[in-house]
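Structure record follows, encoded as structure tokens.
Number of protein chains: 2
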Amino acid sequence: MRSRSVRAALAAVAGLFTLVLGAGSVLALGEGTTTFTLDNGMQVVVIPDHRAPVVTHMVWYRVGAADEPRGQSGVAHFLEHLMFKGTEKIAPGEFSRIVARHGGQDNAFTSQDYTGYFQRIAKDRLPLVMEMEADRMSNLQLSDEHVLPERDVVIEERRSRVDNEPASRFGEQLDATFYLSHPYGQPVIGWMHEIEALDREKAIAFYERYYTPNNAILIVAGDVTEQEIRPLAERIYGQIPVRAEVAPRQRPKEPPHEAAQRLTLKDPRVTTPLLRRQYIVPSYSTAEPGEAEALDLLGHILGGGTTSRLYRELVVEDQIASYAAAWYAGDYLDSGTFNFYAGALEDSTLEDVEARMDAVIADVLQNGVTEEEVELAKNSLIADTIYAVDSQARLARIFGVALTSGQTVEDVQTWPDRMERVTKDQIEDVARRYLDIRYSITGHLVGDEAEKSGNDQ
Amino acid sequence: MRSRSVRAALAAVAGLFTLVLGAGSVLALGEGTTTFTLDNGMQVVVIPDHRAPVVTHMVWYRVGAADEPRGQSGVAHFLEHLMFKGTEKIAPGEFSRIVARHGGQDNAFTSQDYTGYFQRIAKDRLPLVMEMEADRMSNLQLSDEHVLPERDVVIEERRSRVDNEPASRFGEQLDATFYLSHPYGQPVIGWMHEIEALDREKAIAFYERYYTPNNAILIVAGDVTEQEIRPLAERIYGQIPVRAEVAPRQRPKEPPHEAAQRLTLKDPRVTTPLLRRQYIVPSYSTAEPGEAEALDLLGHILGGGTTSRLYRELVVEDQIASYAAAWYAGDYLDSGTFNFYAGALEDSTLEDVEARMDAVIADVLQNGVTEEEVELAKNSLIADTIYAVDSQARLARIFGVALTSGQTVEDVQTWPDRMERVTKDQIEDVARRYLDIRYSITGHLVGDEAEKSGNDQ
Chain A
1 MRSRSVRAAL AAVAGLFTLV LGAGSVLALG EGTTTFTLDN GMQVVVIPDH RAPVVTHMVW
61 YRVGAADEPR GQSGVAHFLE HLMFKGTEKI APGEFSRIVA RHGGQDNAFT SQDYTGYFQR
121 IAKDRLPLVM EMEADRMSNL QLSDEHVLPE RDVVIEERRS RVDNEPASRF GEQLDATFYL
181 SHPYGQPVIG WMHEIEALDR EKAIAFYERY YTPNNAILIV AGDVTEQEIR PLAERIYGQI
241 PVRAEVAPRQ RPKEPPHEAA QRLTLKDPRV TTPLLRRQYI VPSYSTAEPG EAEALDLLGH
301 ILGGGTTSRL YRELVVEDQI ASYAAAWYAG DYLDSGTFNF YAGALEDSTL EDVEARMDAV
361 IADVLQNGVT EEEVELAKNS LIADTIYAVD SQARLARIFG VALTSGQTVE DVQTWPDRME
421 RVTKDQIEDV ARRYLDIRYS ITGHLVGDEA EKSGNDQ
Chain B
1001 MRSRSVRAAL AAVAGLFTLV LGAGSVLALG EGTTTFTLDN GMQVVVIPDH RAPVVTHMVW
1061 YRVGAADEPR GQSGVAHFLE HLMFKGTEKI APGEFSRIVA RHGGQDNAFT SQDYTGYFQR
1121 IAKDRLPLVM EMEADRMSNL QLSDEHVLPE RDVVIEERRS RVDNEPASRF GEQLDATFYL
1181 SHPYGQPVIG WMHEIEALDR EKAIAFYERY YTPNNAILIV AGDVTEQEIR PLAERIYGQI
1241 PVRAEVAPRQ RPKEPPHEAA QRLTLKDPRV TTPLLRRQYI VPSYSTAEPG EAEALDLLGH
1301 ILGGGTTSRL YRELVVEDQI ASYAAAWYAG DYLDSGTFNF YAGALEDSTL EDVEARMDAV
1361 IADVLQNGVT EEEVELAKNS LIADTIYAVD SQARLARIFG VALTSGQTVE DVQTWPDRME
1421 RVTKDQIEDV ARRYLDIRYS ITGHLVGDEA EKSGNDQ
């Protein structure tokens, strides 16, 4: 869900892109972006952006939580933490301090499909961070002295971000219930009892299997050219030996969803009851041509911002919800989700909210969408993205996500153009094909009430 | 659920066991049963039963569907089929024909926790079936010529037993939704798209990893003694080399269930709408002492047969259900389930049935059970089992299930005695501890109605 302030800011730039589109030019994301592959199989992507003498340097691994061995949920994220715990050359905890001493920032992130590391730094320090990142790709040194305290850090992270956040607990139980077989149902941070059983050996096994250059992507965005990056990448990353053959990423395919699921989580800390509904739908990498783009537009029409159908009906007109949104989450390797979200106002119930939401969905299935809605949605979504990529790091991240979830550089570049070509019929088709209650889970997050049966323990 | 005819038959023998118990003797199941282990690690169990000169010969492997590699659901069951496809000595399909020519019967079965093979045959043919079973434990020969047609057989089996049976589809979606992480959520027969991808290599890999004598249990019941069996077992099975070290069976531990789940499957073929509820509870092998026995008794009191609370209230008094039952399923390695089941009569809805069922559960939580109910449940359950083990094959099977799901020969033998010692308080304790809606899924199987949202495809 996008916040309202972002939406307001976007409204200000939307006109510009309408003009650009009106002039008949084909919008391309990250124009000038090139890609090549080193001899050891590592892919390199260069995204020129000469507005300032800075670079965003990222290494992405084509591995995420959904690739974890069964029963070791959280190991991908745990390893991400441990990547800061030192090599022969760099002492534990020094990595980020060195980057900071050179005026840079760094961070890392783990999702179901990828794990990424990035630094943003002055252009002349690029070789430094490349050397450091290449070093920890093959020379990670871990001792229990640093591994075990870091596991406690992750345990605490889970405690504060999931167990103490009713909406996170809710989302976790919802996903784990929703997926019948696919590992997307397992939380990225890991189940508590499995985090507690993680150790140095499991992290190293995961590292040895997946952190090999043929499974990695280098992305450099900023004040650079391919001519500059190619020799640097060959010298620094091209020398790293392949440690493991990387098989095609085969996760269990989700079986058909045939039965509408529901779930209720009660948590005494909940003040605003929350409704969630998600449908299993194709992702950008599994959809038929045009379907994913149509789902993106459908999401925007139904629930993107305050002019969307859902917001207008539930929040503005009926005044039964404090907020309401819908969106398509399509940047996944194996499947996407189509999501609805609404908070009940004090004197309404989630049953009321759900009935209104179902009416909004039924209406779109029966009567379709309007040409005007489609145009507005296209302009808005394309503007969102163009606005977002004004940030060098966000543009780099769009390429990283795409490349680790089954898409190509070209897919990213041509996205605005493909988006433009989606028709009203295509949007109505995907709505009818995928917004079928049988493919969905509906969740209610509510405060403490008398239990229907059974006592708390 | 037990059928009414079985219950009627049991009623006829129950008196006998009351007498036996009244005399103060300790009932033991399978008295005279002994166990020993061969040098290669294969366990042997001998269950003497001299009523007739026949034997039941079984080999059980400590491996089932829950041990399958991710994405290869159905491979345990597929391999079970392929075990009849020949060795160097025995041509494909000949195994069962040889057994039949010698007047015997044979079969095989696969569950989440075990895979078993058995023959019932005249005592003097025991060495023959032992030789044949030992032969296929290490000499299985598979060619695509036999593997691929057998895969079609399994595909057809799935089609007829699951896809064409609304109640089976329902059960499959229910279990896959219910388990948040544990492989018990995957169907033993396998998902269709994963069965279709099974092949000779996957079956052989599973065979090589798990069909090794140190992972197997030989059970011989019938007109034999340990003195007779020991040299036979040593000669025939003791010579089989260990092919793989068998690690402890570690399946992912199920995370806490915190949110009550619901699911509705619509199928036009449904004539009697069906209600199911299951709670996740400990199994015999994971429960604290006495808990599993108490859950068994609670199941019987709530829904075991026509004198149970559920049947009396829903079927006899309210006449809103055509049948209603509850039971504890506890013979699992990692966790058990506590189950409710009811069919709605034509002029009632599942919502009515569920409300009545919830009232029955709430009543037992609030007001407990009576001493008389406890005594009746003990007599009935113990009689059930004693009656069942009048069948040599069923007694052997009880040992096989127990030994492959974390219990011991002694656990089986002392079960009636432990059952006798369960108190009313213990039953009320497990009810309050485990019949909490947060640990449950509730499923509705209904016929074709107008869909709430979305069209069929």
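Protein chains in written order, with my numbering: chain A, 1 to 457; chain B, 1001 to 1457. For each residue, glycine too, the CB sits at the ideal point set by N, CA and C. Source: prediction; values computed, not measured.
With burial defined as no fewer than 16 other Cβ atoms inside 10 Å of the residue's Cβ, what is the status of residue i: buried or exposed?
i       : result
A/T385  : buried
B/G1443 : buried
A/D331  : buried
A/Q250  : exposed
A/R50   : The sequence shown places His at residue 50 of chain A, not Arg. Counting Cβ neighbours within 10 Å, A/H50 comes out exposed, since fewer than 16 surround it.
B/Q1392 : buried
A/I441  : buried
A/A244  : exposed
A/D175  : buried
B/R1062 : buried
A/E145  : exposed
Span of the alpha helix (DSSP H) holding residue i?
i       : result
B/N1367 : L1350 to N1367
A/H146  : D144 to R158
B/I1236 : E1226 to I1236
B/Y1207 : R1200 to Y1210
A/A402  : Q392 to T404
B/V1409 : V1409 to E1420
B/I1437 : Counting along the chain, B/I1437 falls outside any alpha helix (DSSP H), and DSSP gives it neither H nor E.
A/Q72   : It is not in any alpha helix (DSSP H) - A/Q72 carries neither H nor E in the DSSP assignment.
Determine the contact status of residue i and residue j, defining contact as a CB-CB distance below 8 Å.
i       : j       : result
A/L142  : A/I204  : yes
B/L1140 : B/T1212 : no
A/P459  : A/A28   : Since the first and last residues shown for chain A are 1 and 457, residue 459 of chain A lies out of range.
A/F109  : A/L274  : no
B/R1469 : B/L1365 : Past the boundaries of the shown model lies residue 1469 of chain B; chain B is included only from 1001 to 1457, so the question cannot be answered.
A/L458  : A/Y328  : Here chain A has residues from 1 to 457 only, and residue 458 of chain A is not among them.
A/A355  : A/A321  : no
A/W191  : B/P1255 : yes
B/G1222 : B/L1333 : no
A/M132  : A/I98   : yes
B/I1047 : B/F1399 : yes
B/E1228 : B/M1419 : no
B/Y1439 : B/Y1311 : no
B/V1315 : B/T1035 : no
B/L1403 : B/Q1043 : yes
B/L1350 : A/Q261  : no
B/I1361 : B/L1295 : no
Considering just the uninterrupted stretch of the beta strand (DSSP E) at residue i, what are its terminal residues?
i       : result
B/V1075 : Looking at the DSSP string, B/V1075 is not in any beta strand (DSSP E); the run it does join, the alpha helix (DSSP H), is V1075 to L1082.
A/R262  : A259 to K266
B/Y1061 : V1054 to Y1061
B/R1277 : L1274 to V1281
B/V1045 : Q1043 to P1048
B/Y1328 : A1321 to A1329
B/S1440 : S1440 to V1446
A/V246  : Taken as a continuous stretch (DSSP letters only), A/V246 belongs to no beta strand (DSSP E), as it is neither H nor E.
A/I121  : T115 to A122
Could you tell me how far apart the beta carbons of residue i and residue j are, in whole angstroms, since I believe they sit closer than 8 Å?
i       : j       : result
A/K85   : A/E150  : 7 Å
A/R120  : A/T56   : 5 Å
A/G103  : A/V154  : Not quite, the Cβ-Cβ distance comes to about 29 Å (not below 8 Å), so this is no contact.
A/V430  : A/E291  : 6 Å
B/L1038 : B/Y1237 : 6 Å
A/A122  : A/V54   : 6 Å
A/M130  : A/L232  : 6 Å
Could you work out which residues of chain E lie near residue i, taking near to mean beta carbons separated by less than 8 Å?
i       : result
B/H1193 : Chain labels in this structure do not include chain E; the protein chains are A and B.
query = Between the stretch 211-227 of chain A and the stretch 173-182 of chain A, do three or more beta carbon pairs fall short of 8 Å?
reply = no
key: Three CB pairs or more closer than 8 Å across the stretch 1251-1268 of chain B and the stretch 1192-1208 of chain B   = no
request  = Check whether the stretch 418-425 of chain A touches the stretch 365-379 of chain A, counting contact only when three or more Cβ pairs, one atom from each stretch, lie closer than 8 Å.
outcome  = They touch, by the three-pair rule.
inquiry  = Contact between the stretch 1029-1041 of chain B and the stretch 1395-1415 of chain B is defined here as three or more beta-carbon pairs at a separation below 8 Å; is this criterion met?
reply    = Taking 8 Å as the limit for Cβ pairs, the verdict is that the stretch 1395-1415 of chain B does touch the stretch 1029-1041 of chain B.
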